[in-house]
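Report on one structure; see the data block that follows.
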Amino acid sequence: MNGTAKLLMIIGGIIFAVGFLAQFVKIGKLPGDILVKKENFTFYFPVVTSILLSVILTVVLYLIGRFK
167 MNGTAKLLMI IGGIIFAVGF LAQFVKIGKL PGDILVKKEN FTFYFPVVTS ILLSVILTVV
227 LYLIGRFK
């Protein structure tokens, strides 16, 4: 198996694992996320959740690249 196929399989496994764990761990609606509720309008922008996921993915991808 060449390097590209192996990398794609690892990335697919990580995405699968994150999706599976997301069913059990509620990661949304952290303090700092923007939530605006009006009469018939709701706006939700997950600022802190996005930053947290970005940091986690950066660390994971850095570790994959480091030990490749």
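Position 42 (the sequence shown) corresponds to 208 in my numbering; numbering is contiguous.
Glycine included, C-beta positions come from ideal geometry on N, C-alpha and C.
- Straight-line spacing of the CA atoms in residue 224 and residue 210 works out to 24 Å.
- Looking at the DSSP output, residue 201 sits in a beta bridge with 210.
- One thing to note: residue 200 has its Cβ within 8 Å of the Cβ of residue 213.
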